[in-house]
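In this note's numbering, the protein residues as written are 1131 to 1620.
Worksheet: the structure to be examined is printed underneath.
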Amino acid sequence: MYNGETFTNFTEKEGLSDNYVWSILEDSGGNIWFGTRDGGLSMYNGETFTHITEREGLSNNTVRSILEDSHGNLWIGTYGGGVCIYNGESFAHFTTKEGLSHTDILSILEDSRGNLWFGTGGGGINKYNGEFFEYFTEREGLSNNYVFSMLEDSKENLWIGTFGGGISMYNGKSFTNFTEKEGLSNNIVRSLFEDSHGNLWFGTWGGGVSMYNGEFFTHFTEKEGLSNNYILSIQEDSNGNLWFGTYGGGVSMYNGDTFTHFTEKEGLNNMFVWCIQEDSRGNLWFGTSSGVSVFNGETFTHFSEKEGLSKNIVYSIIEDSSSNIWLGTYMGLNLIVSDPPAIHTYSLQDGLKGMNFYPNSVLLDSKNRIWWGSGKNLTMLNMNNVKIPVDPPEIQLNNIEINEKFADYRHLDNSEGKEMDFIGVAKFYNYPLNLELPYNNNHLTFHFSAIDWSAPHKIKYSYKMEGLNANWSIPTSEAKADYRSLPYGT
1131 MYNGETFTNF TEKEGLSDNY VWSILEDSGG NIWFGTRDGG LSMYNGETFT HITEREGLSN
1191 NTVRSILEDS HGNLWIGTYG GGVCIYNGES FAHFTTKEGL SHTDILSILE DSRGNLWFGT
1251 GGGGINKYNG EFFEYFTERE GLSNNYVFSM LEDSKENLWI GTFGGGISMY NGKSFTNFTE
1311 KEGLSNNIVR SLFEDSHGNL WFGTWGGGVS MYNGEFFTHF TEKEGLSNNY ILSIQEDSNG
1371 NLWFGTYGGG VSMYNGDTFT HFTEKEGLNN MFVWCIQEDS RGNLWFGTSS GVSVFNGETF
1431 THFSEKEGLS KNIVYSIIED SSSNIWLGTY MGLNLIVSDP PAIHTYSLQD GLKGMNFYPN
1491 SVLLDSKNRI WWGSGKNLTM LNMNNVKIPV DPPEIQLNNI EINEKFADYR HLDNSEGKEM
1551 DFIGVAKFYN YPLNLELPYN NNHLTFHFSA IDWSAPHKIK YSYKMEGLNA NWSIPTSEAK
1611 ADYRSLPYGT
């Protein structure tokens, strides 16, 4: 870099990903991007370098050219990997290649020292300090290598819920195990929670809930008023109530004395509740097998595939630092933005390596990164780099077919022209303005389009005809609306 007087050099020693630089771009934010031969992209913000490589979703690490478009998207020409569009959203992936002991990530935790812990489906626990992984398995004293859930308590002890081994408590030096023999109601522990009084709650698979006060266990089952003994999730709300999501019994709310049940009868959208999250506004979000139910204390609001979710089975919920809600589903990620209201979906085309996200395996860490566990890898999204889409692409009506026949409205013959009346044709499109038709021309197909070069695969359309449809249609990627047997006067 030359400042007019002297040169400053940047190499791998200073943080550049590769010393062979083939392209350079300054973006609209003043950041400098370097396309390298083998190191992907390096972005310099004036102080530090950030790297975007194949691990973050780049198609190829050899970058020949870079362009920024008018929307702030980067177009990256690679050698052998085609063109990539980068809109600021970058997914990083970790597998056994990066040091994990197992790729099934069932639970995620950040401890008070900033270490990340990953509970796996067969590889025990992985501790990640930002550089290296350290493993804890049955050989080190863990009760079972299948880890469903983890919790750091207020005394900085790590509690681990396992599949068949009960609970393991790690104090930083050694493990202490709790099973049915020590008073636990069941050895399969799906969820853990420490309440505001310091009590530990263990949600089990068939044994209801066990509460541990540091000395002994107290059990809550259907006999004590719980709706179901198979517990998937636990959450305490801002009023001190405990909520238990069950496998088939809806939600049970415990106020310290009695249980209150919320089922489909009370407005919940499904009886299988995989996850629970209270947002910054005090709303409770329930991830179910029919989407999401949001409870404001009085009524439920639902989000499902009908409203635009990628799948109805919602396994995890997390609120980011901007009060947006992220949903991990059976098939992809979903982002719910409140202002303006919108649902955005993320799939393999957006850089994900796997689509099946595991129940409650999600974390927003202290560095503003979201981590998700799945069956193929560990996925991380750095929220500091994410640009949330604000304005939807503009939609344009292109053409209208009448009775499944194409018509060129600028060049109609006499017989066709007698059957319809309109005042003109839209510029650049084959769309008649103020069209009027006889009653027997009542099968209309409307063709429309919207353009978003940065993510065309994300565009979905929903429509309704005023006076005919009460609700919007289910969002679809098909850019047409077909109406048959339209009534007279529509």
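Here a beta-carbon is modelled for each residue, glycine too, at the ideal position from N, C-alpha and C.
Length at least 3, wholly inside the stretch 1355-1415: the beta strand (DSSP E) runs in chain order: Here the runs fully enclosed are 1361-1366, 1372-1376, 1381-1384, 1389-1392 and 1403-1408.
In angstroms with no decimal places, state the Cα-to-Cα distance between L1494 and V1422. L1494 and V1422: Cα-Cα distance of roughly 20 Å.
Just the Cα atoms here: how many angstroms apart are V1467 and I1473? Each residue's alpha carbon lies about 6 Å from the other.
Can you give me the Cβ contacts of G1207 inside the same chain, cut-off strictly under 6 Å, excluding the 5 residues immediately before and after it? Excluding sequence neighbours, G1207 sits near R1194, S1195 and V1213.
Work out the CA separation of S1304 and E1135 for me, nearest whole Å. Roughly 60 Å separates the two Cα atoms.
Between the CA atoms of K1257 and G1503 - distance to the nearest angstrom: Distance from the CA atom of G1503 to the CA atom of K1257, rounded to whole angstroms, is 14 Å.
Under 8 Å between C-beta atoms of T1575 and E1534: In contact: T1575 and E1534 (Cβ atoms closer than 8 Å).
Among the candidates S1284, F1293, F1347 and S1172, whose CA atom is the shortest distance from the CA of G1313? Selected option, being the one with the closest Cα: F1347.
L1478 - DSSP class collapsed to helix/strand/coil: Assigned with DSSP and collapsed to three states, L1478 falls in helix.
On the premise that N1490 lies in contact with S1298, defined as a C-beta separation below 8 Å, what is that separation, rounded to the nearest angstrom? Actually they are not in contact, since the Cβ atoms of S1298 and N1490 sit about 18 Å apart, beyond 8 Å.
At the level of alpha carbons, what is the spacing between L1330 and K1395? Whole-angstrom Cα-Cα distance: 30 Å.
Under a three-way DSSP split, which group does K1353 fall into? DSSP places K1353 in helix when its eight states are reduced to three.
Helix or strand or just coil, what does DSSP make of N1307? Reduced to three states, the DSSP call for N1307 is strand.
Runs of beta strand (DSSP E) wholly within the stretch 1487-1515 (minimum 3 residues, chain order): Every unbroken stretch of the beta strand (DSSP E) spanning 3 or more residues and falling wholly within the stretch 1487-1515 is given here in chain order: 1487-1494, 1499-1504 and 1508-1512.
DSSP state of E1608 mapped onto helix, strand, coil: Three-state result, E1608: coil.
Given a threshold of 16 other Cβ atoms within 10 Å of its Cβ, counted over all protein chains shown, does A1600 qualify as buried or as exposed? A1600 is classed as exposed because its beta carbon has fewer than 16 other beta carbons within 10 Å across all chains shown.
Alpha carbon of N1274 to alpha carbon of N1217, nearest angstrom: The alpha-carbon atoms of N1274 and N1217 are separated by roughly 42 Å.
How is the beta strand (DSSP E) around H1577 delimited, first residue to last? Per DSSP, H1577 is one residue of the beta strand (DSSP E) stretching across L1574 to A1580.
Judging by CA-CA distance, which residue of G1397, L1398, Y1445 and N1369 is the nearest neighbour of N1385? Closest option to N1385, Cα to Cα, is N1369.
Rounded to a whole number of angstroms, what is the C-alpha to C-alpha distance between S1242 and L1511? Roughly 21 Å separates the two Cα atoms.
Closest to S1357 by CA distance: which of T1393, D1367 and F1323 is it? When each option's Cα is compared against that of S1357, the closest is T1393.
In whole angstroms, what is the alpha-carbon distance linking F1350 and S1326? S1326 has its alpha-carbon roughly 18 Å from the corresponding atom of F1350.
With H, G and I counted as helix, E and B as strand and the rest as coil, what does DSSP make of T1136? DSSP places T1136 outside both helix and strand once states are collapsed to three, so it counts as coil.
Could you check whether V1403 and G1375 sit closer than 8 Å to each other, using their CB atoms as the reference points? Using a Cβ distance threshold of 8 Å, G1375 and V1403 count as a contacting pair.
Of the residues S1451, G1438, W1456 and E1437, the one placed nearest Y1445, counting alpha carbons only: Closest option to Y1445, Cα to Cα, is W1456.
G1505: which of G1484, P1523, K1517 and K1436 sits nearest, CA to CA? Measuring from the Cα of G1505, the nearest candidate turns out to be G1484.
I need the boundaries of the beta strand (DSSP E) containing S1298, first residue and last residue. Here the beta strand (DSSP E) through S1298 covers I1297 to Y1300.
Three-state secondary structure assigned by DSSP to E1531: Three-state DSSP puts E1531 in a strand.
State the CB to CB distance for the pair F1323 and E1366, rounded to an integer number of angstroms; the pair is presumed to be in contact (CB under 8 Å). About 7 Å separates the two Cβ atoms, so the contact holds.
Rounded C-alpha distance that separates L1230 from S1451: Take the alpha-carbon of L1230 and the one of S1451: they are about 28 Å apart.
Is the distance from the Cβ of I1500 to the Cβ of F1578 below 8 Å? Taking a C-beta distance under 8 Å as the contact criterion, I1500 and F1578 do not qualify as a contact pair.
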